[in-house]
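Going down the list, the sequences are from chains A and B. Taking the numbering used here, the leading residue of the first sequence gets 1, the next gets one more, and so forth. Taking the numbering used here, the leading residue of the second sequence gets 1, the next gets one more, and so forth. So the structure is just underneath, and the comments pick up after that.
Protein chains: 2
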Amino acid sequence: MSSALTLSPKQKSPNGQPCCEPVVYPDVERAEAERMAAIAKALGDPIRLTLVDVLRKHAGKVCVCELVPLFDVSQSTLSHHLKKLRDAGIVDSERQGLWAYYYVNPEELDELSAWLS
Amino acid sequence: MSSALTLSPKQKSPNGQPCCEPVVYPDVERAEAERMAAIAKALGDPIRLTLVDVLRKHAGKVCVCELVPLFDVSQSTLSHHLKKLRDAGIVDSERQGLWAYYYVNPEELDELSAWLS
DNA sequence: CGTATCTATTGACAAACGTCAATTGAACTG
DNA sequence: CAGTTCAATTGACGTTTGTCAATAGATACG
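What follows is the structure in structure tokens.
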């Protein structure tokens, strides 16, 4: 996914007046852009964004058995969404006996938040 | 995409001790979650995130002819990404003669930024 | 041990995505 | 008008995504 972020020198000006002011280069480095895009992508589904919202507002660890009935999707689908959030580093989980508890890892979200501001 | 955000009442407690504290309900409303997820989704690609970064840092209108050579993708691919950003309301464009100029519409990003903080 | 409960994984499928080459549409230039 | 240039659209393609039903793992309880 996207080795296409390499910067290139400015193209030749068209054969009239220039189209605009000088080139601007992206401030975000390629690796950083990919990390933040991955975080944004993980938030790019209403269920996952709502999951993160619930976990953030609760400020503690929440059992999966509490999360499942909040949505009209199957248990396996919700588990799949939780895995995506885990893979993106946005949440972590912890097993206690039969149950699994999820909580937000704020660092990843903070990074995206910092870029947005 | 996702009429599955309807809230449901708490499931029955398992037949032992409860698994955790009482249910938490999402603070974000369904429609809001879908709008913000759409914004996050549009940022969920490294090229699009970098495009937004460039446009934000420049604080003016930038010609497409300046944007194309910044990436190793074809002109049509970049146009496709710009369209996705436009569809999400993150950027707007303006034609001037032969050229097209893009600029950031800060409102959408601000909304996501506000939710993240 | 056997059964019940909670969560994760697998397999399947349709829809959406990212990409390119080729074409179209607009608008300037001579 | 004919040719050129910039940007958007179309069509095609392989990949990824979101979803479910079914299954598997892990743990608790009798």
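From the three backbone atoms N, C-alpha and C, an ideal C-beta is built for every residue, glycine too. Remember, predicted model here, so these are calculated numbers, not experimental data.
Separation of residue j from residue i, as counted between CA atoms
i, j, result
"K57 of chain B", "W115 of chain A", "11 Å"
"I47 of chain A", "S76 of chain A", "13 Å"
"S79 of chain B", "L85 of chain B", "10 Å"
"M36 of chain B", "P106 of chain A", "18 Å"
"E108 of chain B", "D110 of chain A", "18 Å"
"A40 of chain B", "V91 of chain A", "17 Å"
"A59 of chain A", "G97 of chain A", "21 Å"
"A33 of chain B", "T50 of chain A", "6 Å"
"K83 of chain B", "D72 of chain A", "31 Å"
"L112 of chain B", "K61 of chain B", "22 Å"
"H81 of chain B", "V68 of chain A", "34 Å"
"S74 of chain B", "A38 of chain A", "22 Å"
"V28 of chain B", "V28 of chain A", "30 Å"
"S93 of chain B", "S93 of chain A", "43 Å"
Buried or exposed by the 16-neighbour rule on C-beta atoms within 10 Å, applied to residue i
i, result
"R95 of chain A", "exposed"
"D87 of chain A", "exposed"
"P26 of chain B", "buried"
"G44 of chain A", "buried"
"A31 of chain B", "exposed"
"S117 of chain A", "exposed"
Nearest neighbour of residue i, chosen from the options [CA to CA]
i, options, result
"G89 of chain A", "A:A42, A:A33 and A:A31", "A:A42"
"C65 of chain B", "B:L109, B:G44, B:W99 and B:E108", "B:W99"
Whole-angstrom C-beta distance between residue j and residue i, which should lie under 8 Å
i, j, result
"V54 of chain A", "L70 of chain A", "7 Å"
"Y101 of chain A", "C63 of chain A", "6 Å"
DSSP bridge partner residues for residue i (one or two, in chain order)
i, result
"A100 of chain A", "A:R95"
"C63 of chain A", "A:Y101"
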